[in-house]
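K.L.:
All you need for this note's numbering is the position in the sequence shown, starting with 1, plus 3. Structure provided below as structure tokens; questions to follow.
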Amino acid sequence: MSKTQLQQDLETRNNNVVPLNAATSTEINGTSESLPLTYSNKDLQKRYTVSNRQVRNYVSTVKDAYPWLEDELKVGNKYTELTVQLIDSFKESGMSSSRWIEHIHDENVDKLQVHEVEVIEESTGVDGWLNSSALATYNQSQETTSTLATYDYQQTNYLTIGQRSLEDSQSKLTNTRSQSFDLSNRLLTQLSLLAQDKQMQEVAQQQEIAADIDSYAIQQAHIQLAKILKGEQLAREVDALYRKGVSPEEIGKMLNSLQSASFNGDVEGKKS
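Shown next as structure tokens:
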């Protein structure tokens with residue numbers, strides 16, 4: 004995998020960093036000495052226009068990123084030119100502190116491992132070498148860390164897949180509800196036709212559509228049909244029956260009987 008331009012720039016900056024020892028020189032005659040350039044905390048506050056606390060945060064980030072350079076970052080109570088160069092590198096990277104530290108460690112794996120081995124040597128009292136037991140423990144620790152990182156990565160993938168599945172389910176539910184509302188609108192359209200033509204065909208179409216929608220839409224259909232057949236009074240009576248818990252089937256039978264009687268009455272009137 005090719006490195007990004009940002010990574011290449013950071014590598015170039017890190018390779019060009021001059022250690023503190025190289026910045027000090029003495030003339031051959033011993034008449035004068037060039038002292039290393041150092042910065043106080045206040046100097047860095049002015050340089051970066053930040054608070055004392057932020058300067059400490061910058062320095063802490065640099066120490067975490069380059070633990071093997073810790074002895075070269077300060078002279079007494081002042082910070083070295085190397086510290087300033089590394090802070091500049093961090094700020095110019097545009098990364099968060101944790102991301103920048105991770106990037107520097109990835110680019111300096113060998114130096115970081117050597118530093119960790121030196122820390123282990125100092126803590127165990129081993130001078131210049133590690134016994135086989137300590138080295139085996141260190142290697143096992145590295146393998147465990149790698150395994151845990153792989154597990155965390157897989158868990159993150161599983162959570163991402165689960166989130167996408169949930170979003171898909173929510174989208175399908177929204178579509179289903181939209182279709183239900185569309186069916187209700189279709190019923191209301193059919194009921195408006197009943198006001199112009201009270202024939203059995205229209206009632207049959209209304210009943211067929213009502214079978215495809217929810218109970219609330221059926222209730223509204225029955226109320227509208229009652230209003231068409233007998234007016235507002237019957238519509239209020241049908242609404243009251245629903246409130247009392249009478250089933251839609253019973254109310255439908257009643258309205259069908261009224262509709263049939265009304266239809267037969269119209270036929271008889273035409274014959275006479």
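Where a beta carbon is used, it is the ideal one built from N, C-alpha and C, also for glycine.
Among residues of its own chain, excluding the 5 on either side of residue 114, which ones have a beta-carbon nearer than 8 Å to its beta-carbon?
P.N.:
Closer than 8 Å at Cβ, skipping near neighbours: 71.
K.L.:
Going by Cα to Cα distance, which pick from 247, 241 and 246 is closest to residue 256?
P.N.:
The shortest Cα separation from residue 256 among 247, 241 and 246 belongs to 241.
K.L.:
Please classify residue 42: is it buried, with 16 or more other beta-carbons within 10 angstroms of its beta-carbon, or exposed?
P.N.:
It counts as buried.
K.L.:
Look up residue 87 in the DSSP assignment and say whether it is helix, strand or coil.
P.N.:
If DSSP states are grouped into helix, strand and coil, residue 87 belongs with the helices.
K.L.:
Please report the straight-line C-alpha distance between residue 174 and residue 95, rounded to a whole angstrom.
P.N.:
Going from the Cα of residue 174 to the Cα of residue 95 covers about 43 Å.
K.L.:
Would you say residue 62 faces chain B, with C-beta separation under 8 Å as the test?
P.N.:
The structure shown has no chain B; it contains just one protein chain.
K.L.:
What is the rounded straight-line gap between the Cα of residue 63 and the Cα of residue 180?
P.N.:
If you take the alpha carbons of residue 63 and residue 180, they lie about 55 Å apart.
K.L.:
Between which two residues does the alpha helix (DSSP H) carrying residue 245 extend?
P.N.:
Looking at the DSSP string, the run of the alpha helix (DSSP H) that includes residue 245 is 235-247.
K.L.:
Would you give the residue range spanned by the alpha helix (DSSP H) that residue 62 belongs to?
P.N.:
First-last of the alpha helix (DSSP H) with residue 62: 55-68.
K.L.:
In the DSSP output, what is residue 41 paired with across the bridge?
P.N.:
For residue 41, which the question treats as bridged, DSSP gives the partners 83.
K.L.:
By a C-beta neighbour count over all protein chains shown, 10 Å radius and 16 as the cutoff for buried, is residue 182 buried or exposed?
P.N.:
Classification of residue 182: exposed, given that the 10 Å Cβ count is below 16.
K.L.:
Express the C-alpha separation of residue 102 and residue 121 in angstroms, rounding to a whole number.
P.N.:
Roughly 25 Å separates the two Cα atoms.
K.L.:
Beta-carbon separation of residue 261 and residue 254 under 8 Å?
P.N.:
Cβ distance not < 8 Å, so residue 261 and residue 254 don't count as in contact.
K.L.:
Within this structure, are the beta carbons of residue 61 and residue 90 separated by less than 8 Å?
P.N.:
It is a contact, given that the beta carbons lie within the stated cut-off.
K.L.:
Does the Cβ of residue 22 have 16 or more other Cβ atoms within 10 Å, making it buried, or fewer, making it exposed?
P.N.:
Bear in mind that a pLDDT of 43 at residue 22, under 50, signals an unreliable position, so the model cannot answer this.
K.L.:
Could you check whether residue 117 and residue 93 sit closer than 8 Å to each other, using their CB atoms as the reference points?
P.N.:
No, these two residues do not count as a Cβ contact at 8 Å.
K.L.:
List the endpoints of the continuous alpha helix (DSSP H) containing residue 103.
P.N.:
Looking at the DSSP string, the run of the alpha helix (DSSP H) that includes residue 103 is 100-110.
K.L.:
Applying the 10 Å Cβ sphere with the 16-neighbour rule, what's the burial state of residue 58?
P.N.:
Counting Cβ neighbours within 10 Å, residue 58 comes out buried, since at least 16 surround it.
K.L.:
Roughly how many angstroms separate the alpha carbons of residue 219 and residue 190, rounded to a whole number?
P.N.:
The straight-line gap from Cα to Cα measures roughly 12 Å.
K.L.:
Comparing C-alpha positions only, which one of 119, 52, 258 and 248 sits nearest to residue 225?
P.N.:
For the residues 119, 52, 258 and 248, the minimum Cα distance to residue 225 belongs to 258.
K.L.:
Name the DSSP beta bridge partners of residue 78, please?
P.N.:
The partner list for residue 78 (beta bridge, DSSP) reads 81.
K.L.:
What residues in its chain sit with their C-beta under 7 Å from that of residue 263, if we drop five residues either side in the sequence?
P.N.:
So no residue of the chain qualifies.
K.L.:
Nearest-angstrom Cα distance between residue 229 and residue 178?
P.N.:
Going from the Cα of residue 229 to the Cα of residue 178 covers about 32 Å.
K.L.:
Roughly how far, in whole angstroms, is the beta-carbon of residue 75 from the beta-carbon of residue 85, given that I think they are within contact range, below 8 Å?
P.N.:
Rounded, the Cβ-Cβ distance is 6 Å, consistent with contact.
K.L.:
For a test of the three-state rule: what should DSSP assign to residue 265, helix, strand or coil?
P.N.:
Note: residue 265 maps to helix in three-state DSSP.
K.L.:
Check residue 218 in the structure and name its three-state DSSP category.
P.N.:
Reduced to three states, the DSSP call for residue 218 is helix.
K.L.:
Whole angstroms are fine: how far does the CA of residue 81 sit from the CA of residue 55?
P.N.:
Their backbone Cα atoms lie some 14 Å apart in a straight line.
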